[in-house]
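These notes concern the structure reproduced below.
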Amino acid sequence: MKHEETAVFETHVVPRYLSFFGERVLHKMVAGKDARVCHVRCRTGYPDRELIEKLPNAHVHGVDSSSHAIELARAKALALVEGRAGIAFDYRVGETLPLPFPAGVFSHAFTLHAPSERAARRAVVEELVRLVAPRGQVLVAMPLRGSFLAVHDLLRECALKHEIDGLSAAVDAAAAARPSDESLARELEDAGLDKVSVDVRTRTLRFEGGRRFFEDPVTRLVLLPELHAELGPAADPIGPLDPFVYVRDAIDKYWSDATFELDVNVGVAAGRKR
4 MKHEETAVFE
14 THVVPRYLSF
24 FGERVLHKMV
34 AGKDARVCHV
44 RCRTGYPDRE
54 LIEKLPNAHV
64 HGVDSSSHAI
74 ELARAKALAL
84 VEGRAGIAFD
94 YRVGETLPLP
104 FPAGVFSHAF
114 TLHAPSERAA
124 RRAVVEELVR
134 LVAPRGQVLV
144 AMPLRGSFLA
154 VHDLLRECAL
164 KHEIDGLSAA
174 VDAAAAARPS
184 DESLARELED
194 AGLDKVSVDV
204 RTRTLRFEGG
214 RRFFEDPVTR
224 LVLLPELHAE
234 LGPAADPIGP
244 LDPFVYVRDA
254 IDKYWSDATF
264 ELDVNVGVAA
274 GRKR
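According to the working numbering, the stretch in the sequence shown is residues 4 to 277, in order.
So this is what it looks like as structure tokens:
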């Protein structure tokens, strides 16, 4: 994340999109005093304020690959701890697993937007399990299978009209790669968790046209980077044809008199370490 993007992320992406996941994680998080919490892929720290309300006297440790996001998280933390005893934040830049924390030292470990790619997600889940003590709680939030279907359908339409077989196959593979609630539960159980439960809620993002969709911070900073990563070179422009320009124009055409709605199946899986 670039320096100029961090404030945009905090101001627009957190309340409009990331809060879908943060609210459900907080709902499923087991309350307790003197908690030690690790937030993996923490971005700018959200849900930092809500977390210390849920867990009084918590010590919160966050890790993210973006130094700029961590810089903002630290600045927010200074304001949050002012005048409040027993609360501490420690934010670090890091990406390589295992993270620089000993095993079994946290009461809770969570991530708000786990990778859609299975191997990367497995690595994150296994790290969360490593970090918590026995009976500690792990929470994994992410968009589940069936999310972003409207965009997938428009990309498939582009592939069909222009006979781009590789794009159609890539879209199908990306959609199938997202776990269902049942398969996400199995992933956590396989990683060493008991009493796994999954909460699913459907939330809707709304955009006034194709241009607004692509200019929206949620799309620019979260959805498009993830789509490009999932689809790979299959979604690259072919001569004058750019599949994502096709999507933009199709939204303007099909939703010219209506709001473009994009459903997100918000999933939160939680379990206890054996």
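Heads up, the beta-carbon is just placed ideally off N, CA and C, and yes, glycines get one too.
Thinking C-alpha only, which one of 84, 149, 130 is nearest residue 105? 130
For residue 101, count the other beta carbons within 10 Å of its own beta carbon; 16 or more makes it buried, fewer makes it exposed. Which is it? exposed
Tell me which residue opens and which closes the beta strand (DSSP E) that residue 207 is part of. 196-210
Determine the extent of the beta strand (DSSP E) in which residue 92 is found, giving its start and end residues. 91-96
So, at 8 Å on beta carbons, what are the nonlocal neighbours of residue 68 in its own chain, with the 5 sequence-adjacent residues on each side left out? 44, 96, 97, 98
Using only the alpha-carbon positions, how far apart do residue 136 and residue 240 sit? 48 Å
Given a threshold of 16 other Cβ atoms within 10 Å of its Cβ, counted over all protein chains shown, does residue 177 qualify as buried or as exposed? buried
At 4 residues or longer, what runs of the alpha helix (DSSP H) sit wholly inside the stretch 27-69? 51-57
Touch test, the stretch 140-151 against the stretch 71-78, Cβ-Cβ under 8 Å, three pairs minimum: no
Please name the residue, chosen from 118, 127, 222, that lies closest to residue 112 on a Cα-to-Cα basis. 127
Inside the stretch 76-142 only - alpha helix (DSSP H) runs reaching at least 4 residues: 121-134
Report yes or no: do three or more beta-carbon pairs, one from the stretch 49-61 and one from the stretch 28-40, lie closer than 8 Å? yes
Which of helix, strand or coil DSSP assigns to residue 239: coil
The stretch 203-212 contacting the stretch 257-265, beta-carbon criterion three pairs below 8 Å: yes
Which whole-angstrom value is the C-beta distance of residue 12 and residue 191, which I expect to be below 8 Å? Actually they do not touch by this definition, with Cβ atoms about 27 Å apart.
Let me know if residue 233 comes out buried or exposed under the rule of 16 or more other beta-carbons within 10 Å of its beta-carbon. buried
Since residue 147 contacts residue 182 with CB under 8 Å, what's their CB separation in whole angstroms? 6 Å
Within 10 angstroms of its Cβ, does residue 103 collect 16 or more other Cβ (buried), or is it exposed? exposed
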